[in-house]
């Protein structure tokens with residue numbers, strides 16, 4: 140898809156802010172992994188079965204796609220529990236390149252730079268196993284990122300952590316939720332529109348559960364919160380304005396039911412819902428406006444006898460053309476994307492698959508429920524895909540590519556599938572890391588800041604976990620990443636199109652070239668500010684702006700109309716001047732039909748330090 144790019148001059152304004160001081164064996168061993176829900180005892184134990192014998196040919200990949208220097212790196216893990224749902228990329232130190240952040244069931248949180256070197260303060264020892272990865276966001280709007288991590292024990296002993304970018308727990312953390320397990324991946328969202336993100340934290344209190352809301356300072360919402368569940372928690376929460384009333388709602392599963400709550404914790408009309416012969420574990424809902432009526436549909440995956448993908452309107456009524464059954468057990472969370480760039484949305488979902496022989500792994504359906512040409516994607520030796528199905532246009536052809544895990548290894552090497560929008564294998568895919576990619580899937584981004592894509596994936600094996608980071612070709616562009624990680628983005632939430640509106644690409648160092656990307660609705664007005672300040676105030680017109688404690692140092696870098704392409708791109712070269720080194724800048728946009736008169740919304744804030 141061709142993009143219109145408005146290149147704007149912002150360098151002069153930026154100056155003003157600095158003026159103040161193995162091929163397989165002949166008879167390979169084939170292993171298949173399945174995740175077993177053990178009900179009242181524990182949940183999430185991986186079981187492995189193995190068999191030997193001739194295996195039909197599967198595209199092996201030329202292994203021409205190499206890993207980044209310094210990768211893979213290794214983590215430990217519990218012998219029975221393996222980490223699921225992958226890893227996340229984020230710029231913890233504000234220098235431009237991204238860090239690789241994940242956790243494992245060896246009671247540890249990890250962060251590495253793009254060379255594979257551990258970040259300062261990491262790894263961090265945790266109380267409890269980290270079965271799911273963390274979420275990462277600027278919780279309080281100061282430009283610095285925080286890491287939110289949940290942990291669990293076998294049956295209890297979990298904790299809620301918030302850590303700063305150096306791996307230090309914030310005051311009051313970790314928190315115990317009655318010493319029960321804190322399950323899934325955190326969802327981070329500004330539920331009350333105060334500029335700070337809240338944390339949705341599920342507590343497993345078998346045979347029931349609770350969903351809590353916490354502030355970043357550790358205080359807990361009262362009133363109707365926490366809300367009670369009829370069974371144990373079974374997903375990562377989704378957040379979006381379901382009924383188009385201007386306020387967010389929250390969608391969550393217990394093992395038996397789907398819930399939808401108002402932000403005050405009252406249940407929405409039509410909910411909760413149960414589906415006959417369906418239960419919920421690990422899937423997590425996706426939210427999207429499929430029919431263009433301004434409210435959101437809820438896309439859910441379920442397992443057991445009627446395993447498949449289901450869609451409901453916000454009032455709980457069934458969406459026409461659905462459900463789509465997949466014929467076997469599934470823990471796959473649905474993904475929503477526009478594969479062909481034609482404005483028509485597709486729904487992706489997978490399943491565990493068969494033990495041997497040709498097996499369907501994952502599907503792509505139209506919003507009306509028709510199977511897309513080239514799908515379902517199948518493997519010739521059994522197995523399926525139940526990790527996050529991530530999506531990006533990595534080859535700049537205007538069509539999205541899909542990346543999927545597999546629960547099969549052959550001779551101890553696993554598979555990470557990469558297919559085009561029509562179900563064809565991408566050149567040099569599948570990737571073949573050591574061990575199972577099962578339940579983990581890929582994360583996609585430009586980790587080293589060199590302008591092309593990297594793909595990260597966890598693979599589990601008998602000795603622990605490998606963290607793999609592959610160097611892909613294709614020019615990186617943030618708007619071409621449709622579903623970058625488990626539950627859409629690093630704050631999670633499952634809402635299609637909820638990605639950050641402001642991106643900065645490139646190395647923020649002396650002489651470095653940096654691009655600012657501001658995304659919004661075509662025709663809307665867009666403003667971008669930069670600041671050298673460290674404290675925030677509420678301005679009646681401009682929203683949150685940043686000031687120095689003594690001198691206001693806020694600069695409007697540009698204002699412009701967003702073109703038809705939906706983004707403005709501004710290119711900047713950082714002066715090769717030692718006076719810039721160590722300076723920290725804060726950037727935030729404001730977008731809307733008439734932003735200066737209150738009809739606008741602030742973007743995410745980004746902080747960058749000149750290296």
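In the numbering used here, the protein residues as written are 140 to 750.
By construction, the Cβ of each residue, glycine as well, lies at the ideal position given by its N, Cα and C atoms.
Spatial neighbours of residue i in its chain, beta-carbon cut-off 6 angstroms, leaving aside the 5 residues before and after
i	result
residue 260	305, 306
residue 392	373, 374, 419
residue 279	335, 355
residue 599	221, 574, 575
residue 207	608, 610
Rounded straight-line distance, which links the Cα of residue j to that of residue i
i	j	result
residue 680	residue 737	Per-residue confidence for residue 680 stands at a pLDDT of 48, beneath the threshold of 50, marking its modelled position as unreliable; the derived number appears in the next sentence. If I take the Cα positions, the gap works out to 6 angstroms.
residue 606	residue 708	33 angstroms
residue 360	residue 526	32 angstroms
residue 222	residue 339	20 angstroms
residue 205	residue 456	48 angstroms
residue 728	residue 699	11 angstroms
residue 353	residue 696	35 angstroms
residue 237	residue 408	42 angstroms
residue 528	residue 315	32 angstroms
residue 741	residue 730	6 angstroms
residue 493	residue 466	10 angstroms
residue 735	residue 663	12 angstroms
residue 396	residue 364	18 angstroms
residue 180	residue 291	Confidence in residue 180 is poor, its pLDDT being 46 and thus under 50, which makes the residue's placement unreliable; the coordinate value appears in the next sentence. Their Cα atoms are separated by approximately 13 angstroms.
residue 682	residue 266	Bear in mind that the predicted position of residue 682 carries a pLDDT of just 47, short of 50, making it too unreliable to give a figure here.
residue 210	residue 604	13 angstroms
residue 188	residue 624	28 angstroms
residue 545	residue 634	25 angstroms
residue 382	residue 287	29 angstroms
residue 542	residue 429	23 angstroms
residue 611	residue 622	17 angstroms
residue 277	residue 169	44 angstroms
residue 501	residue 450	17 angstroms
residue 701	residue 665	7 angstroms
residue 769	residue 473	In the structure as shown, the chain starts at 140 and stops at 750, and residue 769 therefore has no counterpart that could be examined.
residue 536	residue 358	48 angstroms
residue 706	residue 640	9 angstroms
Run of the beta strand (DSSP E) containing residue i, from where it starts to where it stops
i	result
residue 755	The structure shown does not extend to residue 755, since the chain is modelled only from 140 to 750, so the question has no answer here.
residue 486	485-489
residue 575	No beta strand (DSSP E) contains residue 575, which DSSP labels as neither H nor E.
residue 730	723-733
residue 426	425-427
residue 516	516-518
residue 744	738-748
residue 377	377-379
residue 328	326-328
residue 499	498-505
residue 261	Careful: residue 261 lies outside any beta strand (DSSP E) and carries neither H nor E.
residue 299	299-302
residue 754	Any answer about residue 754 is impossible in this case: the structure gives the chain only from 140 up to 750.
residue 543	540-543
residue 670	664-670
residue 476	474-476
Cut-off 7 angstroms between Cβ atoms - residues of its own chain near residue i, not counting five sequence neighbours on either side
i	result
residue 719	157, 649, 713, 749
residue 532	538, 539, 540, 619
residue 479	538, 560
residue 226	239, 240, 241, 272, 582, 595, 597, 606
residue 512	561
residue 387	328, 330, 378, 379, 380, 402
Same chain only: Cβ atoms within 8 angstroms of residue i, ignoring 5 sequence neighbours per side
i	result
residue 444	416, 417
residue 590	614, 615, 644, 645
residue 318	295, 296, 297
Residues that DSSP places opposite residue i in a beta bridge
i	result
residue 244	BP columns for residue 244 are empty, so no partner.
residue 597	606
residue 549	169, 552
residue 655	643, 709
residue 320	343
residue 268	291
residue 186	173
residue 368	348
residue 768	With the chain running from 140 to 750 in the structure shown, residue 768 is simply not present.
residue 400	389, 406
* Spell out a yes or no on whether the region 575-593 and the region 502-515 are touching, meaning 3 or more CB-CB pairs, one atom from each, closer than 8 angstroms. => no
* Asked: Touch check for the region 354-373 and the region 338-345: three-plus C-beta pairs under 8 angstroms?
  -> yes
* Given 8 angstroms, three or more beta-carbon pairs between the region 609-618 and the region 448-462 -> no
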